[in-house]
Every structure is written in C-alpha cells, then in structure tokens.
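Undergrad: Residue numbers (full-length UniProt numbering): 1 to 518.
I have a structure I would like to understand better, so I am pasting it below and will then ask my questions one at a time.
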C-alpha cells in the first residue's frame, strides 16, 4: 500500500520529496539527530515550521529534517553574534575544538572584540581565567598582546585573575604557569613593566592581590620593584595597604625601597601604622634602618651637664611634625620661625634635608601655616581694670597688643615673601586651578590687601602721634628708683638762708638759757 499523499497531491504526481518521505513516516527508518554538540543558537526549542524558518534566516539550508549545514554570511550580524557567543563559551570551558570550528567559520578572528566581564578579547579572557591550554592555542594563532583601551595588558589581567578561594594555591600556580607560557612564546614583545593608564604595573596588581608566588615570578622576569603609579605608590605600598605582609617581605628581600613617599607624603611604614599593623611597620623599619639614610642626623656630642632651654616656635612646629631630629639643621643656620615660613624646597635641600619625603612634609606644613584662617584667639587678652572709670586695660596691656600686631605683620611679610619666591621659581603655579581662581582674581585679592594696608598705615600714624604727645606728661619713674636732683643757683640760696636761720635760732636759744640760770 502506498503511503498517503498530502492534500492536493494525486497518487501519480511526483514531487521534490521523491522517496525520502518514506524515511520521515517510517519510524524504523527515521534518521538519528546529529551527535555534534548543539550550537548555542539552537538551544531554543520551536515547532518544525519555526525551526525551518529560523535556520533559513541564519543562512542555513536543509540536508534533511534534522541536520543543517552552515552557510557563513559575513554581513549577517545575527550569525556573527551567535558564533561570538559560541566562541566565548568555548574559551570559558576550554573547548579547543569548538574554538577551531568558530574560527574556521570566518565570521570572527582570534582578536575579535568580545567586551565581556572576563575580558575585551580572547587573550584577555584566557588570562583573566588562567586557562593554560586556551592561552597556548590563542598564542599559536598569533593572538595580539596589545593593551586594552584602558592601557591594561594581558599580563596585568593574568596576575589579577579571579579564582575560587578554596583552590587559591592551585590557581596561583596556574597563573605562574601562564606567565611561563607568555614568556616562552613572546620573549621579545613581553614587557612586564608596561604601565596602565593609571601608571600601574603587573607587579603592583600582583602585590595588591597578595599573590606571593606571582610576585616572586615577576621579580624573576625583571620586574622593576620601585616604579610608582599616578599617586606615587610602589608595589610595596600596595602590598602593605592591603595587609599582605608576606608579599611585602618578598619585595623587601628583593631590594624594594621602603623610603619612597607617596603623593601624600606617606611611607610604607606609615601605611602599615595607619592600618594598625605594628609588626609589619617594624619589619619595614628594620629594612629601612639597614640602608644608609639620605639625611641621617649628624652625630652630636652630648654635654656633661644638661641645660634646660625654652623651645622656640620653630622647634614646636618641627616636634609637631615628628621631625625633632632635624632641629639642629635649622639651629645651625640660625633660622627663625618667620624665616622658616619663607623657605623653598631648594633651600631645604641646601640646609641639609635631602630626603624627598621630609622636604615634602615640611613644604606642606609651610603651605598650611600660610593658609591657616585668622583666629580671634590670637588677640592679646586683657582684663577689666576700673569699670567705674571705664578703664579696661593698662599700659602693659597696650604693649602686649602692639607686640601682637608686630608679630602678625612679621608673619604676613613671610607669606608675601614665600609667595614671591614660589611663583618666581615655579610660574606654572599660576596656570593650575584656573577653573576656581585665576591671576586676575589674585590681583583683586591683593588689591584688598593693599587697601587694608593703607588703612593700617593711617591708624599707625594717628596712634604714633597720640603717644608722642602724651610721652612727657605720662612718663612716671618707678618708686624703687631715686634720681638725684642737680643743684641750681636758687636752690643754693635757699639752702644758705635756711642754714643761717637755724644757726641763729640755736644761738639765741642758748643765750636765753644761759642768762636765766646764771
């Protein structure tokens, strides 16, 4: 019995199906589905008609009902997206055969842009997941090791790769193996000291992640230990800030310099102190002490007798900065606080402070002192003396006030001198921060200063004239001082007359008494 024909067909009609329809209706002859792994685009189920239309839309023609042969269309974005998705999954799963098929389709290249969480291209994905075999495969296909748009390199992606915490040791070993693969395959083009857009290196990323073996491997690959990023942080700073003491020890043993300050003037030991890790701080200081300090304090002889002295304002400033060991440098040059406030970095270098971090700390302090707000507490304190007569202070109080003004003017002069020297040596200062304030605004502010200075000059002249007019009438000698009077002609006459009168009186009294009793 012949098979039933679809509606519209006679038993004698031939059609394009031929005898192949027998295999469709006869269950014992139904062809088996393809054993190849399904394409990601084929994972969505559909009806038979929709399935056929979907495959035609993807540029595929039917060989039989279950199997389709891909016809690549380089202009079909949907087909390229499907192959790209397949390629991503193959990289993550380490499926080299699928990667081969996807590359053979001609729709993608080994450097195709992927822009996934794991990386921007296949080589970055392989490095981010530490896939050794995938990395070998991509390098054999001449995959590029060029940095991404942010300046990060595949080596940076590799040393920052994220693995399971429970398998961290094995994962770190995989990273080291991948570094060996990169070095052996591209010995000439691999640069472990390449910088990112933030001027970070692979060693900084590895130190920040706390990967001791990776750090040790990068050191073997001639990584520079003391390169600094945009914030002047070294790999040692990143290790210390993240609390990785074991990585810090590896870096220090390899020769990392612990005395490089950050842009904020912090040393590696300071970062450890900020985290409360005193053991790590002491370890860093021990390495720092093994090296000759650039500005080690000069040996000073200790006198047999210790004399107490009053600390000056400059001494107090240095002690507040924890720089009391440098006091002798300023004392040797007889510098006062107002002179200290006018120093430049070059002048600090001249007096013997060669350490960069110390100079920066002092310069920051000088700038802060000049920018400090005026405080009313700096005025001389006086107490009420005679409220009934409306007298609230004495002449010594006036002296205190004028001395206070003189001190203020002295430091104001230091500020002007400091600004003049700094701008003369570094005129680019005037180009910085012009979105907030420019030179014209600076001149306006200086004009207000000049106006107030003129008012101060007038007040000074008025006060000076007043004091000079009162100087003779209000000059009192202290009671403890006896000043001898200079004798004059009239005073001599008065003295002689007084003496003659006294003598005559005594003589008359004597004569009267003599006559009475004799």
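Just so it is clear, CB atoms sit at the ideal spot from N, CA and C, and this is done for glycine as well.
Less than 7 Å between the CB of residue 511 and some heavy atom of the ligand MG, yes or no?
TA: No copy of the ligand MG occurs in the structure displayed, which carries no ligand at all.
Undergrad: Which residues in the same chain as residue 240 place their Cβ atom closer than 6 Å to its Cβ, once the five residues preceding and following it in sequence are excluded?
TA: Cβ within range, chain order: 248, 268, 271, 272.
Undergrad: Going by DSSP in three states, residue 319 sits in which element: helix, strand or coil?
TA: In the structure shown, residue 319 sits in a helix (DSSP, three-state: H, G or I).
Undergrad: Just the Cα atoms here: how many angstroms apart are residue 229 and residue 155?
TA: When rounded, the distance between both Cα atoms is 17 Å.
Undergrad: With distances taken Cα to Cα, identify the nearest neighbour of residue 222 among 254, 315, 237.
TA: Ranking the options by Cα distance to residue 222, first place goes to 254.
Undergrad: Given a cut-off of 8 Å, decide if residue 145 and residue 190 are closer than it, judged by their beta-carbon atoms.
TA: Cβ atoms of residue 190 and residue 145: closer than 8 Å.
Undergrad: Within its chain, find whatever has a CB closer than 8 Å to the CB of residue 321; leave out the 5 residues flanking it on each side and keep chain order.
TA: Cβ within range, chain order: 361, 362, 365.
Undergrad: Please name the residue in 250, 242, 288 whose C-alpha comes closest to that of residue 276.
TA: Nearest of 250, 242, 288 to residue 276, Cα basis: 242.
Undergrad: With distance defined between alpha-carbon atoms, name the residue in 313, 346, 258 nearest to residue 331.
TA: Considering only alpha carbons, the answer is 313.
Undergrad: Suppose you measure from the CA of residue 470 to the CA of residue 318; what does that come to, to the nearest Å?
TA: Each residue's alpha carbon lies about 44 Å from the other.
Undergrad: What's the call for residue 350, buried or exposed, on a 16-neighbour Cβ count within 10 Å?
TA: By the 10 Å Cβ count, residue 350 comes out exposed.
Undergrad: How should residue 458 be labelled, buried or exposed, when 16 other C-beta atoms within 10 angstroms of its C-beta is the threshold for buried?
TA: Its Cβ having fewer than 16 others within 10 Å, residue 458 is exposed.
Undergrad: Does DSSP classify residue 193 as helix, strand or coil?
TA: Correct three-state label for residue 193: coil.
Undergrad: Work out the CA separation of residue 139 and residue 232 for me, nearest whole Å.
TA: Between residue 232 and residue 139, the C-alpha separation is close to 34 Å.
Undergrad: In three-state terms, what does DSSP make of residue 266?
TA: Reduced to three states, the DSSP call for residue 266 is coil.
Undergrad: Give me the Cα-Cα distance between residue 250 and residue 344, rounded to the nearest whole angstrom.
TA: For residue 250 and residue 344, the distance between alpha carbons rounds to 38 Å.
Undergrad: Beta-carbon within less than 7 Å of residue 200's beta-carbon, same chain only, minus the 5 sequence neighbours each way: which residues are those?
TA: Correct list, in chain order: 229.
Undergrad: Measure the C-alpha to C-alpha separation of residue 176 and residue 206 and round it to an integer number of angstroms.
TA: Using only the alpha carbons, I get a separation of about 11 Å.
Undergrad: How is the alpha helix (DSSP H) around residue 199 delimited, first residue to last?
TA: From DSSP, residue 199 is part of no alpha helix (DSSP H); its letter is neither H nor E.
Undergrad: Confirm, please, whether the CB-CB distance from residue 172 to residue 132 is below 8 Å.
TA: No, the pair does not count as a contact, with Cβ atoms beyond the cut-off.
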